[in-house]
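Chains W and Y, in that order, are what the protein sequence lines are. Position one of the first sequence corresponds to residue 2 (the working numbering), numbered consecutively onward. Position one of the second sequence corresponds to residue 5 (the working numbering), numbered consecutively onward. For glycine and all other residues, C-beta sits at the position ideal for the given N, C-alpha and C. Predicted model, so just to flag it, every value in this text is computed and none were measured.
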Amino acid sequence: MNANARHSQAMHFTARAADKVRNPVLQQALQKAKPLFSGKRAKAMAALPDDGLEFEALREACAGIRDRALNDLDVWLEIFEENARARGAEVLWARDGGEICDLVIDVARRHGVKKVTKSKSMLSEEAHLNDALAAAGIEPVETDLGEYIIQLAGEAPSHIIAPAVHKTLQEVEALFAEKHGRPQAARTSADIPALAKEARGVLRQHFLSADMGISGANFLIAETGTATLVTNEGNGRMVTTLPRVHVVITGIEKVVPTLQDFATLMRLLPRSATGQTISNYVSLLTGTRADDESEGPTKTVFILVDNGRADVVGSHYQDILRCIRCGACMNHCPVYFSLGGHAYGWVYPGPMGSVLTPLYTGIENALDLPHASTGCRQCSSVCPVRIPLPELMHGLRQEQQRRGLRPWGERFGLRAWAWIAGRPTLYRALTRIAARYLNWLADGEGRIRLFGFAPGWTTARDLPVAGGGKTFFEQYAASKRD
Amino acid sequence: MRIALYVTCLVDLMRPAVGFAALRLLAATGNDVVVPPAQTCCGQPAWSAGNRPLAKTLAQKAIAELENYDAVVVPSGSCAEQIRLTYPKLFADDAVWGPRARALAARTQELSEFLASLGEPLEPPGEFAGSVTYHDSCKGLRGLGIKAQPRALLGRVRGLSLKEMADCEECCGFGGAFAENYADVSARIVDRKCESVAAAGADAVVGGDLGCLLNIEGRLRRRGDETTRVLHFAEVLAGETKP
Chain W
2 MNANARHSQA MHFTARAADK VRNPVLQQAL QKAKPLFSGK RAKAMAALPD
52 DGLEFEALRE ACAGIRDRAL NDLDVWLEIF EENARARGAE VLWARDGGEI
102 CDLVIDVARR HGVKKVTKSK SMLSEEAHLN DALAAAGIEP VETDLGEYII
152 QLAGEAPSHI IAPAVHKTLQ EVEALFAEKH GRPQAARTSA DIPALAKEAR
202 GVLRQHFLSA DMGISGANFL IAETGTATLV TNEGNGRMVT TLPRVHVVIT
252 GIEKVVPTLQ DFATLMRLLP RSATGQTISN YVSLLTGTRA DDESEGPTKT
302 VFILVDNGRA DVVGSHYQDI LRCIRCGACM NHCPVYFSLG GHAYGWVYPG
352 PMGSVLTPLY TGIENALDLP HASTGCRQCS SVCPVRIPLP ELMHGLRQEQ
402 QRRGLRPWGE RFGLRAWAWI AGRPTLYRAL TRIAARYLNW LADGEGRIRL
452 FGFAPGWTTA RDLPVAGGGK TFFEQYAASK RD
Chain Y
5 MRIALYVTCL VDLMRPAVGF AALRLLAATG NDVVVPPAQT CCGQPAWSAG
55 NRPLAKTLAQ KAIAELENYD AVVVPSGSCA EQIRLTYPKL FADDAVWGPR
105 ARALAARTQE LSEFLASLGE PLEPPGEFAG SVTYHDSCKG LRGLGIKAQP
155 RALLGRVRGL SLKEMADCEE CCGFGGAFAE NYADVSARIV DRKCESVAAA
205 GADAVVGGDL GCLLNIEGRL RRRGDETTRV LHFAEVLAGE TKP
C-alpha cells in the first residue's frame with residue numbers, strides 16, 4: 002500500500018463532508034473568510050494595469066517558467082545541488098515521508114538538537130514530521146501563527162496558506178486561555194492583535210532557545226543554490242537565522258532556473274494568495290554563515306523530496322507540478338468553502354488537493370476527490386500558473402473508469418442510459434413515461450418533495466416539475482399535427 | 005438560414021416551455037427553424053463521469069444529426085459547451101470525426117449568443133412587469149464567455165428591470181451528478197446562492213441553464229420561498245412566464 006495512503010482519510014470524504022456542512026462554527030469561520038480571500042485577490046488583480054502588468058500575459062510567463070523547470074527537472078536539480086553545496090549547504094534527498102523524518106532526526110542528533118522551531122512546511126505535514134520528532138525526544142514548535150494555533154489544538158492545517166482558517170476568534174481565545182493558563186475573556190476582532198502578541202510572547206522564548214530551525218521553501222533557485230521564503234509574520238526569518246542549524250524541506254518540483262524567474266513568479270504569488278503586491282518578508286537564503294558574517298546558521302541542510310512527484314513528471318498530470326501553492330484555487334472553490342480543508346482527508350485541500358491527493362496517495366485511495374467538484378472552473382480561471390485543474394480532475398475520473406474503480410451501479414446506470422439515448426424511438430417512449438410519472442408524483446403541486454430515483458437531490462431540495470406530464474417532443478409532435 | 009434547435013434532454017423532460025420559447029424567439033429572427041427529430045442527449049453526463057467511449061458514441065450521434073444545418077442553437081450554456089469545446093477534444097486525433105466535430109462546433113451557439121449576434125437586434129415579444137436578477141452559469145460564463153448577451157437581451161424586455169445579485173458568477177452547486185452524489189455539499193453551495201438571490205430582492209432569478217435553475221428553484225422552495233420566480237431567459241424574452 003502507498004505509504005501516504007496510510008495517513009489519508011480521503012476515502013471517507015462523503016462522511017466527513019456531511020459532518021462539516023452541519024458544523025455551524027466551522028461554517029461561520031468559512032463564511033467570514035471567503036469574501037476576504039476573493040476580495041483581496043480581485044482588488045490586487047484589478048490594480049495590475051497600474052503597474053503596467055497584465056494578468057493573462059503574466060500567468061503565461063509564470064506557467065512557462067514552471068514548465069521549463071519541470072521539463073528538465075533532473076538537470077535543474079543537479080545545478081541547484083551543485084550551487085547549494087558550493088555555498089556550504091548539505092543537500093540530501095528523500096524518497097518519501099519516512100525518509101524525511103529519518104534524515105531530519107539524523108541531522109538533529111548529529112548536532113545535539115533538543116528543540117526545533119518550524120516555519121510553515123506542508124512537506125512536514127506529508128511526512129508527519131512533528132510526531133516523529135516528538136517520538137525521538139525532540140520538541141517541535143510551530144511558529145507561523147496559524148500553525149501554532151493548530152499545533153496547540155492538535156489538528157492539521159485546513160488551508161495551505163491559512164492553516165487555521167477553520168477556527169473562529171472565540172475558538173482561538175478559548176484555546177489560548179487553556180494552553181497559556183489564563184482566564185478566558187470576551188473577544189472581538191479588535192482583539193486579534195492582542196492575541197497575536199500573546200502568541201508572540203510565547204514564541205519568542207522558543208526562537209531564542211531552539212537549536213534547529215525547519216522551514217519549507219517557496220522556490221529553489223538553481224543558478225544560485227538559494228531557497229526563497231515568502232512570508233508575512235516574520236517568523237520565517239527567526240526560524241531560518243537564529244538557530245545554529247537550518248533544515249529546508251521542499252519538494253523537488255519547487256526548483257526554478259534563475260533569480261529572474263523568481264522575480265517574475267513573485268509578481269503573481271502574493272497577489273494570488275493574499276492580494277498583496279509583495280509579502281511583508283521575502284527571504285533569499287543562500288548557504289551558511291560566512292566567516293565575516295555575524296548571523297545565520299552554521300549548518301544548512303536541504304532535504305529535497307520526491308514522495309510521489311517524480312512519477313507525475315512526464316505524465317498526463319505534469320501540469321499540477323507547476324503549482325506555486327498560492328491557495329487561489331481553494332479560495333475560489335465553492336466546494337472548499339462549504340467544507341473547509343479537513344474534509345479532503347490528506348495534506349492538500351481544494352482543487353489542487355483533489356488532484357495531488359490521488360496522485361500522491363494512489364488514485365484508488367481517493368476516489369471521491371476528483372468527483373467532488375461542480376466543474377465550475379472558478380479555480381482554473383484564477384490559477385496564476387494556468388493549471389487546468391478541471392481537466393486534471395477529469396483525467397483522474399477517466400482513469401477511474403478505465404480501471405473499473407467506479408461503483409457497479411454507476412457504471413451500469415451510465416451504460417443503460419447511453420444505450421437508450423442512442424435509440425431515439427425507445428428514448429422518446431421512455432421519456433414520455435417518465436414525464437407522466439414525474440407529473441403524477443408532483444401531484445398538482447408542481448414539485449416532488451421526495452424522489453426515490455434521486456434521493457440525494459430531494460434531501461435538500463424539491464424537484465420542480467413543469468411539463469404537465471408531457472415531454473417537449475410529445476407536445477411538439479402534437480402541435481405539428483394540429 | 006436553416007437553424008437546428010437542440011432542445012436538450014433536461015428541457016425535453018423537465019421544462020418543455022423553454023424549448024417552445026426558444027422556438028418562438030428563433031422564428032422571430034425570420035430564419036427557418038428545424039427541430040431535428042432524433043436528438044436525445046449530447047452525452048455530457050457520460051463525459052462528466054469520465055466515460056470517454058460512451059461520450060464519443062453519443063457525440064457521433066449528435067454530430068450526424070446536427071451537422072447539416074447552417075447553425076445549431078442550444079438553450080443551455082452547458083450543452084453548447086459540450087458540443088463546442090468537448091466534441092473537438094473527443095475526436096482530436098480522428099481523421100474522420102475530427103473535422104466533422106470541429107465543423108459542428110464552429111456552427112453551434114448558445115441561444116443568447118446567437119440572438120445577440122444578429123445584425124438586427126431582436127425585439128423580444130415578451131413583457132415582464134418586475135425585476136430580475138441574473139445567475140451566470142459556469143459553463144456558459146467560463147466556458148463560452150457568455151455574460152453580456154443575456155443581460156443585453158433582457159434589457160430590451162418591456163417593464164423589466166435588472167437587479168444584479170452579489171456573486172452572480174459563483175457556482176450554484178448543481179454540477180450534474182454532483183448534486184446527487186454530494187448532496188450535502190451541493191445543498192450548502194446552493195444555500196449561498198439562495199441567500200444572494202434573496203438579498204438582491206428581485207421578483208425572479210433568471211438564468212440560461214435548466215440544471216442550475218432546477219437546483220436554485222428546488223432549494224428556494226424547500227427553504228420556504230414560494231414567491232421568487234425562477235425562469236429561463238428564453239421564457240422571459242418570449243413572454244412565456246405564466247406561473
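> List, in order along the chain, the chain W residues whose C-beta lies closer than 9 Å to that of CYS142 (chain Y)?
Replying inline: Against the second sequence, residue 142 (chain Y) aligns to sequence position 138. Ordered by position in chain W, the residues that pass the 9 Å Cβ test against CYS142 (chain Y) are THR375, GLY376, CYS377, ARG378 and GLN379.
> What in chain W is Cβ-close to LEU14 (chain Y), meaning under 8 Å?
Replying inline: To locate residue 14 (chain Y), count along the second sequence from 1; it is residue 10. Those within 8 Å of LEU14 (chain Y) in chain W number zero; the least Cβ separation is about 10 Å.
>> So within the segment 253 to 303 of chain W, which uninterrupted alpha helix (DSSP H) runs reach at least 4 residues, ignoring any that extend past its ends?
In response: 260 to 275
>> Does GLU61 (chain W) pass the burial test, meaning 16 or more other C-beta atoms within 10 Å, or should it be called exposed?
In response: For the purposes of this step, residue 61 (chain W) is identified with residue 60 of the first sequence, where counting begins at 1. Looking at its Cβ environment, which holds fewer than 16 other Cβ atoms inside 10 Å, GLU61 (chain W) is exposed.
> Taking Cβ-Cβ distances shorter than 7 Å, what residues in chain Y pair up with PHE474 (chain W)?
Replying inline: Stepping through the first sequence from its first residue, residue 474 (chain W) is reached at position 473. Correct list: ASP16.
> So LYS168 (chain W) is in the alpha helix (DSSP H); what residue range does that whole segment cover?
Replying inline: Numbered from 1 along the first sequence, position 167 holds the residue referred to as residue 168 (chain W). Element bounds for LYS168 (chain W): n/a, residue is neither H nor E.
> Where does HIS13 (chain W) land, buried or exposed, given buried means 16+ other C-beta within 10 angstroms?
Replying inline: Residue numbering aside, residue 13 (chain W) sits at position 12 when the first sequence is read from its first letter. It is exposed - the Cβ of HIS13 (chain W) has fewer than 16 other Cβ atoms within 10 Å.
>> Would ARG111 (chain Y) and ALA63 (chain Y) qualify as a contact pair, given that the criterion is a beta-carbon distance under 8 Å?
In response: Within the second sequence, numbered from 1, the residue matching residue 111 (chain Y) stands at position 107. Within the second sequence, numbered from 1, the residue matching residue 63 (chain Y) stands at position 59. Their beta carbons are not under 8 Å apart, which means ARG111 (chain Y) does not touch ALA63 (chain Y) by this criterion.
>> Check this for me: beta carbons of GLY102 (chain Y) and ASP213 (chain Y), under 8 Å apart or not?
In response: Mapped onto the second sequence, residue 102 (chain Y) falls at position 98. Mapped onto the second sequence, residue 213 (chain Y) falls at position 209. Going by C-beta atoms, GLY102 (chain Y) is not nearer than 8 Å to ASP213 (chain Y).
> Going by C-alpha distance, which of W:SER382, W:LEU146 and W:ASN131 is nearest GLU57 (chain W)?
Replying inline: For the purposes of this step, residue 57 (chain W) is identified with residue 56 of the first sequence, where counting begins at 1. When only C-alpha atoms are compared, the closest one is W:SER382.
>> On the DSSP letters alone, give me the boundaries of the beta strand (DSSP E) that SER216 (chain W) sits inside.
In response: Position 215 of the first sequence holds residue 216 (chain W). Per DSSP, SER216 (chain W) belongs to the beta strand (DSSP E) from 213 to 216.
> What whole-angstrom Cβ distance do THR15 (chain W) and ASP369 (chain W) have, given they're in contact under 8 Å?
Replying inline: Indexing the first sequence from 1 puts residue 15 (chain W) at position 14. Indexing the first sequence from 1 puts residue 369 (chain W) at position 368. Confirmed, Cβ separation roughly 6 Å.
> For VAL302 (chain W), is the classification buried or exposed, using 16 other Cβ atoms within 10 angstroms of its Cβ as the cut-off for buried?
Replying inline: Position 301 of the first sequence holds residue 302 (chain W). Classification of VAL302 (chain W): buried, given that the 10 Å Cβ count is 16 or more.
> Quick one: any contact between the segment 149 to 169 of chain Y and the segment 418 to 431 of chain W, if contact means 3 or more CB pairs under 8 Å?
Replying inline: no
>> Report the CB separation of VAL356 (chain W) from TYR318 (chain W) in whole angstroms; it is logged as a contact under 8 Å.
In response: For this step, residue 356 (chain W) is matched to residue 355 along the first sequence. For this step, residue 318 (chain W) is matched to residue 317 along the first sequence. Confirmed, about 7 Å.
> Out of curiosity, what's the CA-to-CA distance linking VAL100 (chain Y) and GLU174 (chain Y)?
Replying inline: Translated into the one-based positions of the second sequence, residue 100 (chain Y) becomes position 96. Translated into the one-based positions of the second sequence, residue 174 (chain Y) becomes position 170. Taking the straight line from one Cα to the other gives about 39 Å.
>> At a CB distance below 9 Å, what residues from the segment 178 to 191 of chain Y approach chain W? Give them in sequence order.
In response: PHE178, GLY179, GLY180, ALA181, PHE182, ALA183, GLU184, ASN185, TYR186, ALA187, ASP188, VAL189, SER190 and ALA191
>> Contact between the segment 27 to 35 of chain Y and the segment 459 to 476 of chain W is defined here as three or more beta-carbon pairs at a separation below 8 Å; is this criterion met?
In response: no
> Nearest CA to the CA of GLY243 (chain Y): which residue from Y:LEU224, Y:LEU145 and Y:PHE24?
Replying inline: Position 239 of the second sequence, counted from the first residue, corresponds to residue 243 (chain Y). GLY243 (chain Y) has its Cα closest to that of Y:PHE24, out of Y:LEU224, Y:LEU145 and Y:PHE24.
>> Is there a C-beta anywhere in chain W that falls below 8 Å from the one on ALA203 (chain Y)?
In response: Walking along the second sequence from the start, residue 203 (chain Y) turns up at place 199. ALA203 (chain Y) does not count as touching chain W.
> In angstroms, rounded to a whole number, what distance separates the CA positions of LEU235 (chain Y) and VAL22 (chain Y)?
Replying inline: Here residue 235 (chain Y) is taken as the residue at index 231 of the second sequence, counted from 1. Here residue 22 (chain Y) is taken as the residue at index 18 of the second sequence, counted from 1. Distance between the alpha carbons of LEU235 (chain Y) and VAL22 (chain Y) is about 9 Å.
> When the cut-off is 8 Å and only beta carbons count, does THR432 (chain W) lie next to chain Y?
Replying inline: To locate residue 432 (chain W), count along the first sequence from 1; it is residue 431. Chain Y, which has a Cβ nearer than 8 Å to the Cβ of THR432 (chain W), makes this yes.
>> Please state the DSSP three-state secondary structure of ASP229 (chain Y).
In response: Along the second sequence, read from residue 1 onward, the residue named residue 229 (chain Y) stands at position 225. It is coil, neither helix nor strand.
> Contact between the segment 89 to 102 of chain W and the segment 347 to 362 of chain W: three or more CB pairs below 8 Å?
Replying inline: no
> Quick one: which chain Y residues come within Cβ less than 8 Å of VAL354 (chain W)?
Replying inline: As a first step, residue 354 (chain W) is located in the first sequence; it is residue number 353 there, counting from the start. Per the sequence shown, residue 354 (chain W) should be read as Gly rather than Val. Result: empty, since nearest Cβ-Cβ is about 15 Å, beyond 8 Å.
> Is the Cβ-Cβ distance between LEU260 (chain W) and THR225 (chain W) less than 8 Å?
Replying inline: Taking the first residue of the first sequence as position 1, residue 260 (chain W) is located at position 259. Taking the first residue of the first sequence as position 1, residue 225 (chain W) is located at position 224. Result yes, Cβ atoms of LEU260 (chain W) and THR225 (chain W) sit closer than 8 Å.
>> I'd like the list of long-range same chain contacts for ALA223 (chain W), defined as Cβ closer than 6 Å, with 5 residues on each side in sequence excluded.
In response: Here residue 223 (chain W) refers to the residue found at position 222 when the first sequence is read from its first residue. Same-chain partners within the cutoff: TRP77, ILE80, PHE81, VAL256 and PRO258.
> Interface residues of chain Y around ASP463 (chain W) at Cβ under 7 Å?
Replying inline: Within the first sequence, the letter at position 462 stands for residue 463 (chain W). By Cβ distance, chain Y contributes GLY222, ARG225 and ARG226.
>> Using CA atoms only, rank isn't needed, just tell me which of W:PRO244, W:PRO391 and W:TYR438 is closest to CYS330 (chain W).
In response: Indexing the first sequence from 1 puts residue 330 (chain W) at position 329. Nearest C-alpha to CYS330 (chain W): W:PRO391.
> Quick one: what's LYS116 (chain W) bridged to in DSSP?
Replying inline: By one-based count along the first sequence, residue 116 (chain W) stands at place 115. Bridge partners of LYS116 (chain W): W:GLU140.
> Given that a residue counts as buried once 16 or more other Cβ atoms are within 10 Å of its Cβ, and exposed if not, what is PHE413 (chain W)?
Replying inline: Translated into positions along the first sequence, residue 413 (chain W) becomes position 412. By the neighbour-count rule (16 or more Cβ atoms within 10 Å), PHE413 (chain W) is not buried but exposed.
>> Taking beta-carbon pairs under 9 Å, can you tell me which members of the segment 393 to 415 of chain W lie near chain Y?
In response: HIS395, GLY396, LEU397, ARG398, GLN399, GLU400, GLN401, GLN402, ARG403, ARG407, GLU411, ARG412 and LEU415
> Does the Cβ of LEU89 (chain Y) have 16 or more other Cβ atoms within 10 Å, making it buried, or fewer, making it exposed?
Replying inline: To locate residue 89 (chain Y), count along the second sequence from 1; it is residue 85. LEU89 (chain Y) should be labelled exposed.
>> If we define contact as Cβ-Cβ less than 8 Å, is LEU58 (chain Y) a contact residue for chain W?
In response: Locating residue 58 (chain Y) in the second sequence gives position 54, where the first residue counts as 1. Chain W contact via Cβ: present.
>> Tell me the rounded alpha-carbon separation between GLY405 (chain W) and ALA53 (chain Y).
In response: Reading the first sequence from its first residue, position 404 is the one you call residue 405 (chain W). Reading the second sequence from its first residue, position 49 is the one you call residue 53 (chain Y). Answer to the nearest angstrom: the Cα atoms are 12 Å apart.
> If you follow the beta strand (DSSP E) that GLN113 (chain Y) is part of, which residue opens it and which one closes it?
Replying inline: Mapped onto the second sequence, residue 113 (chain Y) falls at position 109. Taken as a continuous stretch (DSSP letters only), the beta strand (DSSP E) holding GLN113 (chain Y) covers 112 to 114.
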